[in-house]
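Have a look at the structure below, then the notes.
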Amino acid sequence: MKFEILGQCLVIFTFIYSAYCANKVLFISFDGFRHDYLDMAEKAGRNISAFKRIRDAGFQAEVQNVMITLTFPSHYAMATGRNVENHGLVGNDFYDPIQNMSYSYKKSERNLESPWFEYAGAEPLWSTNERHGSRSCVFQWVGSEARVHNRMAFATSGVYNGDYSLDYRVDRIMDWISRDEFTLAMMYYNQPDSNGHRYGPNSTEVMDAVEETNGAVALLLQRIEQTPSLKGKINIVISSDHGMTYVNPDSTVIDLYTRLKNISKQLILDSSPATLGLWIRNGSNITLEEVFNRVNGTAHLNVYYKDDIPERYHFKNNYRIAPIYAIADNGWMINTKESKYTNLYGMHGYDNEESDMHPIMLAMGPDIPHLTERQHFYQIDLYPYICAMLGLDKPNKIDGLIDRVLPYLKERPSEQYLERFRLYASGTLTT
């Protein structure tokens with residue numbers, strides 16, 4: 001009863017704050033954009049003028065991302081404000097023992113299925129915005145293809161299609177956000193990740209991708225300048241899911257194929273080159289201890305029983321995480337197949353304390369201060385940060401903290417707004 005009364009008392013104050021926050025937000029993710037790529041590009045004489053314009057009007061940050069540092073878990077952490085164990089998308093590929101089914105990011109039909117994205121009530125930003133009565137537009141963000149708790153963004157690009165050019169994506173998202181009814185736009189692009197994997201993070205091809213994304217940001221800024229309803233009225237946030245580190249397919253590979261080949265038919269593997277989850281198939285006669293002993297003690301590989309995974313990862317309290325989980329040392333790759341890796345010189349998925357795994361963040365806009373020093377930002381705080389700029393006062397239950405983002409807002413929200421936000425974000429009040 002006490003919280004009901006408190007919630008009613010705060011409605012008036014938060015309504016006033018929400019009405020005041022009339023500016024829009026455009027949130028862009030460039031996959032695999034490491035925190036120091038702009039520094040590297042600048043030293044190489046590459047064109048990063050559009051990125052510099054954003055940095056010089058707002059701020060740049062190195063992002064502390066979630067564990068595991070893979071594309072789908074990290075993007076859903078940005079969208080939901082939750083650590084991976086709490087949003088449930090625990091890998092790019094993983095097994096769900098309750099559904100007795102495996103998720104794979106490469107299977108389009110899986111990305112249309114709601115249960116993968118609804119773990120423990122997880123709610124993406126676009127749905128939070130829609131729940132508050134505003135409209136969202138999303139171009140190919142992880143989770144945007146599915147109805148999450150029977151809600152979608154008002155405008156989406158549909159099933160993932162990597163053939164869409166970057167300029168087309170910018171034009172489409174700008175067409176949407178230019179309309180009065182839209183207040184939140186989110187867009188994804190797969191570079192410089194693709195070039196980083198194929199050529200390595202120190203390659204000229206990665207710098208080419210940085211220049212390509214800079215060109216898209218320049219187009220975006222030009223479109224804003226040409227649109228009176230957006231000029232001076234939209235906050236731009238650019239970030240990424242993870243960084244990238246150099247690997248060598250000939251010399252930094254951990255061979256688990258030999259160790260597992262005679263029991264492989266009894267196992268289900270949740271695998272990426274940097275991580276490996278091991279499940280025992282129903283009806284198999286092998287024990288967890290036997291499987292653990294097969295892989296434990298391998299050089300450059302950290303092997304855990306699920307309960308022993310370090311707490312700081314926030315990556316174990318979820319039934320979708322395998323009972324045995326292995327994480328390679330930074331720069332090493334796990335191979336469980338007879339075939340060898342080829343044309344693979346960059347990788348991610350490693351410990352999120354590794355600086356190479358940290359992505360970039362840039363932000364500018366009417367609600368964003370100018371900060372000259374390089375900042376440090378938590379990936380799970382992007383959700384409360386964007387909520388605050390949009391004046392959304394009833395967030396979903398999250399792990400991100402609105403108090404950590406206050407230095408990155410030009411004006412501090414009212415204490416009434418903050419108190420209400422904290423009550424919902426902690427789960428004390430629910431929607």
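Last residue of the sequence shown: 431 in the UniProt record's numbering, with the numbers rising by one and none dropped.
By construction, the Cβ of each residue, glycine as well, lies at the ideal position given by its N, Cα and C atoms.
Being a predicted model, the structure only gives us computed values, none of them experimental.
- Around the Cβ of Arg34, a 10 Å sphere holds 16 or more other Cβ atoms; the residue is buried.
- Taking 8 Å as the cut-off, the Cβ atoms of Arg147 and Ser178 do not count as close.
- Note on Ser251: under 16 other CB atoms within 10 angstroms of its CB, so exposed under the neighbour-count rule.
- Residue pairing by DSSP places Ala328 opposite Leu301 in a beta bridge.
- For Asn285, the secondary structure class from DSSP, reduced to helix, strand or coil, is coil.
- Beta-bridge partners assigned by DSSP to Phe139: Met187.
- One Cα belongs to Ile268, the other to Lys340, and the distance between them is close to 20 Å.
- Counting only the Cα atoms, Asn317 lies some 19 Å from Gln379.
- Between Met361 and Ala61, the C-beta spacing is below 8 Å.
- Tyr95 counts as buried, since at least 16 other C-beta atoms from the protein chains shown sit within 10 angstroms of its C-beta.
- Comparing C-alpha distances from Asn23 to each of Ser49, Glu145, Pro228 shows the shortest one belongs to Pro228.
- Positions of the alpha helix (DSSP H) runs, each at least 4 residues long and wholly inside the segment 30-112, are given as 37-43, 49-57, 71-80, 84-87 in order along the chain.
- Between Asp31 and the set Leu418, Pro201, Tyr424, the nearest pair of CA atoms involves Pro201.
- For the pair Ala155 and His370, the CB atoms are not nearer than the 8 Å cut-off.
- Between Val253 and Gly331, the C-beta gap is not smaller than 8 Å, which leaves the two residues out of contact.
- Only residues of its own chain outside the window of five on either side were considered, and among them His87, Gly88 have a CB closer than 7 Å to the CB of Tyr119, listed in chain order.
- Of the residues Arg294, Gly215, Thr336, the one whose Cα lies closest to the Cα of Ala50 is Gly215.
- Rounded to the nearest angstrom, the gap between the Cα atoms of Tyr417 and Arg55 is 28 Å.
- A direct Cα-Cα distance of roughly 51 Å separates Asn285 from Phe421.
- The beta carbon of Phe182 sits closer than 6 Å to those of Arg135, Cys137, Trp176, all from its chain and outside the five residues before and after it, given in chain order.
- The beta-carbon separation of Val84 and Pro97, rounded to 17 Å, does not stay under the 8 Å limit for a contact.
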